[in-house]
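Position in the sequence shown counted from 1, then plus 1144, gives you my numbering. For every residue, glycine included, the Cβ atom is placed at its ideal position computed from N, Cα and C. Since we're looking at a predicted model, the values are computed, not measured. See structure below.
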Amino acid sequence: MLRPNFVGIAVLTLLGTAVLGAQVKDMPRKPVKPINASATVDINGAPEADLVSLGIERTTAKKIIEGRPWRSKRDLVTKQVLTKEQYERVKESLVAKQPKKKS
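Okay, here's the thing in structure tokens:
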């Protein structure tokens, strides 16, 4: 008598789990931002200290400031302000925002 009840409970449990599992939707996956990730630095507006905090040498940071405005962050390599290796190390943290044109 106990076996049929036990089997029935097991079957109902498995069916309930399958039904509930089918109704759960996957959450959209977003890239995880590291806690220690630095914010982006605008090469057309950031102070020297912000550029130095990325690992750029102080003299190079001064050259970046003197060469403003930059059309893109890639100009730092084409104008030979940064080497390719230096650029690869900091490119994810740089942006080159363009000043708004006055109408």
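- Straight-line Cα distance separating G1160 from A1190: In the sequence shown, counting from the first residue as 1, residue 1190 sits at position 46. In the sequence shown, counting from the first residue as 1, residue 1160 sits at position 16. Approximately 58 Å between the Cα atoms of the pair.
- Message: In whole angstroms, give me the CA-to-CA distance for R1218 and L1158.
- Response: The residue labelled residue 1218 in the question sits at position 74 within the sequence shown. The residue labelled residue 1158 in the question sits at position 14 within the sequence shown. Straight-line Cα distance between these residues: approximately 58 Å.
- Task: Please check the pair I1200 and A1240, which I expect to be a contact at CB under 8 Å, by giving their CB distance rounded to whole angstroms.
- Result: By one-based count along the sequence shown, residue 1200 stands at place 56. By one-based count along the sequence shown, residue 1240 stands at place 96. Contact doesn't hold; Cβ gap of about 14 Å is too wide.
- Ends of the alpha helix (DSSP H) at E1232? As a first step, residue 1232 must be located in the sequence shown, where it is residue number 88. Start and end: K1228 to V1234.
- Output the distance between the C-alpha atoms of K1246 and W1214, rounded to the nearest integer angstrom. Within the sequence shown, residue 1246 is the residue found at index 102, counting from 1. Within the sequence shown, residue 1214 is the residue found at index 70, counting from 1. Looking at the two C-alpha atoms, the distance is approximately 18 Å.
- Rank A1162, I1153, L1156 and L1195 by C-alpha distance to the C-alpha of K1235 and give the top, closest one. Here residue 1235 corresponds to residue number 91 of the sequence shown, with the count starting at 1. Residue L1195 is the option with its Cα nearest to K1235.
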